[in-house]
Every structure is written in structure tokens, then in C-alpha cells.
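To start, the structure itself, in C-alpha cells.
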Amino acid sequence: MTAHAAPRPGGLSQNSPAQTILMGLLALATLLACASLAWWGDTPLARWLMREAVGTVWPRHLLFVSDWTLMCAAMMLPTAWPLLLAMQRAGAQRAHPARLVLSCAVAFLLVWMVSGVAVLLVHQALYAAWLQWSWSREHAPALVGLALASGGVYLWTPWAQRCVTACRTPTGFVARFWTGRPDATRQALRIGAAY
1 MTAHAAPRPG
11 GLSQNSPAQT
21 ILMGLLALAT
31 LLACASLAWW
41 GDTPLARWLM
51 REAVGTVWPR
61 HLLFVSDWTL
71 MCAAMMLPTA
81 WPLLLAMQRA
91 GAQRAHPARL
101 VLSCAVAFLL
111 VWMVSGVAVL
121 LVHQALYAAW
131 LQWSWSREHA
141 PALVGLALAS
151 GGVYLWTPWA
161 QRCVTACRTP
171 TGFVARFWTG
181 RPDATRQALR
191 IGAAY
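Residues in the sequence shown are numbered from 1 upward in steps of one, following the numbering used here.
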């Protein structure tokens, strides 16, 4: 008779691939957050990044996208836990089930990283408009209020409700995209990106 680890709440055993990957990602996110804080703190590197005289802005943009991705990982990976569990169950009979769970998590985070790039580009465009048009500077509080109100209104739209409902049932993503064919890693990436 073989000894098995006692199941934990949420249906995981102590040595579950999904649990190991999630703990590793959370540890990595913690280390990156500490490094980011040190980078943005009162250090020579931070002063160099923030100086207006710096000819290139890519270090600040890179830092923004990495911080955005880190923030999304900290907020969204714990809520994606059921998806990782479903992915683990779907790939349990494969040779490398942990790789499938990791692929799903990485694709999930890559989508959030791309959204960070989109946010950065929109910010840059709005900032350029703000510098160019005095009207936008004069009405900045109203424009900020409008942007916040638009975000609030979006939350009441049917599209937002559909997204929330879909994300509460991640097994639907696995059922939709998991075929059991040999290209399991590609399927896991597609599931994570779709989620």
C-alpha cells in the first residue's frame, strides 16, 4: 500500500502540481515586488529613471509593464485557482501535468502583460494630448471623473456580467478548449489565454 498526502481544502493534495506552481508563482511575485520597490525607492537607479534629462524612456516603460504584470498576478492568480485545478485534472494522465498547469498560468499572465502594454500606450497618448491641448488641462478633473464613471457604468453592462459569469466557472474554458489530442501544451496555453 502506498502512502498518499492528505487532501487539503479545495481538493488538492500536499504535492499537487497546481499547488506547487501557484506557490512558486506567488514566491516569484513577492520577490519581484520587493525588487520593484527597491528600484522605485530612493536609489541612484530610481533617481536616474525619474530624471527628465534621460534621453530614453524604455526603462520606465519596462518597469511599468513589469509592475503591472506583477500587480495582476497578485490580484488574479489566486482567483484563477479553480482554473489551475481544472487544468490539473484534465492533464492528470499526461506525462508532464505540471507543465500543462504552468503553461496555462503563463498564458493567463501574458494576456495581462499585453493589457499593461495597451494601458501604457493609452496613457502615453492621453498625456501627449494633455500637453498639447490646454482645454484638457483646464478640464482635467471632469475628464478624470468621466473616466471613472465610465468604468463604473461598464460594470453594469451585460458584457461585463457575462465575463464575470464565465470567469466564475473555469471548467467551461477547459471543456471548450481541451480535446485530449497530443498538442496538450498548446491547448493549456489557449485555455489560460482565453480565461
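Even glycine gets a Cβ: it sits at the ideal position worked out from N, Cα and C.
P141 and G151 have their C-alpha atoms roughly 16 angstroms apart.
Per DSSP, the unbroken alpha helix (DSSP H) holding S136 starts and ends at 134 to 138. Remark: C-beta atoms of A73 and A29 approach each other more closely than 8 angstroms. Assigned with DSSP and collapsed to three states, A95 falls in coil, not helix or strand. For T69, the closest of L84, L110, V101 by C-alpha to C-alpha distance is L110. With a cutoff of 8 angstroms on beta-carbon distance, M76 and A188 are scored as not near each other. Closest in C-alpha terms to L126, from the list V65, L155, S66, V144, comes V144.
Boundaries of the alpha helix (DSSP H) harbouring T69: 58 to 76, taken from the DSSP string. Bounds of the alpha helix (DSSP H) holding G192 are 184 to 194.
With a cutoff of 8 angstroms on beta-carbon distance, I21 and A98 are scored as near each other. Shown here for S16: same chain residues with a beta carbon closer than 7 angstroms to its own, the five before and five after excluded, namely Q88 in chain order. With a threshold of 16 other beta carbon atoms within 10 Å, C34 falls short and is exposed. P158 counts as exposed, since fewer than 16 other beta carbons sit within 10 angstroms of its beta carbon. Of the residues assessed, Q161 falls on the exposed side of the cut-off, its CB having fewer than 16 other CB atoms within 10 angstroms. In the structure shown, the three-state DSSP call for P82 is helix.
The three-state secondary structure of L155, taken from DSSP, is coil. If you look at G172, you'll find it in the alpha helix (DSSP H) that goes 171 to 177.
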